[in-house]
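Worksheet: the structure to be examined is printed underneath.
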Amino acid sequence: MEEKKHNLFRREGKGDEKPGYLPADIVFIIEEKKHNLFRREGKGDEKPGYLPADIVFIIEEKKHNLFRREGNNDLEICIEIPLVDALTGCSLPIPILGGENLTLSFENTVVYLGYVKVIEGQGMPTLKNDGKRGDLHVKFLVDFPKELSDEQWQEAFRILENCC
């Protein structure tokens with residue numbers, strides 16, 4: 001989720017190191033997540049009398065503490081919401097990339113278990129489409145009470161018995 005720059009060096013001929021760059025086709029494959037291993041034949045170290053070695057890139061994304069990659073450029077975040085807010089409505093701050101928050105309001109909406117709100121353009125930036133981003137999928141985890149008193153149970157039953 002965070003941009004990282006890498007210094008690449010390859011040995012040519014007598015072992016002299018020469019700086020290199022990530023070729024565009026490697027960057028494209030990283031973005032599209034088609035493979036987690038990419039080989040560039042003949043682009044590695046060179047020794048006199050030998051064919052140039054291959055260079056192999058192994059792509060491994062680190063886990064993020066808030067976001068999970070979903071597909072190519074979409075992100076998913078799980079947000080816990082108390083049952084009372086899920087049933088009666090609320091406004092919640094939702095973290096987005098860059099450390100900011102976006103406020104989502106739920107008025108006259110029941111946020112049920114597994115409810116997902118898609119926020120367009122708040123996912124990972126794309127490399128192919130300059131300035132465009134994937135979507136952020138906000139998945140809600142409704143926090144149910146662990147216990148109810150007899151009175152609370154009866155009141156909840158009275159209110160909810162005819163709603164489905």
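With the UniProt record's numbering, letter number 114 in the sequence shown gets 114, and the count goes up by one each step, no holes. Heads up, the beta-carbon is just placed ideally off N, CA and C, and yes, glycines get one too. It should be emphasised that the depicted structure is a prediction, and the values quoted were computed from it without experimental measurement.
The straight-line gap separating the alpha-carbon atoms of E76 and S105 is approximately 18 Å. Spanning the alpha carbons of L141 and F67 requires a straight line of approximately 15 Å. Secondary structure at T126: coil, using DSSP grouped into helix, strand and coil.
When the beta-carbon positions are compared, M124 and N65 stay at least 8 Å from each other. DSSP places I159 in the helix class (H, G or I) of the three-state scheme. Cβ contact annotation for E107 (same chain, cutoff 7 Å, sequence separation greater than five): G89, in chain order.
Following the DSSP letters along the chain, one finds T88 inside the alpha helix (DSSP H) bounded by residues L83 to T88. Between the alpha carbons of L102 and G49 lies a distance of about 60 Å.
If you draw a straight line from the Cα of E41 to the Cα of K47, it is about 15 Å long.
In this structure, V84 lies away from K117, with their beta-carbon atoms at least 8 Å apart.
Around the Cβ of L136, a 10 Å sphere holds 16 or more other Cβ atoms; the residue is buried. Annotation for K63: no beta strand (DSSP E) segment contains it, and DSSP assigns it neither H nor E. Taking the Cα positions, E100 is about 18 Å away from E80.
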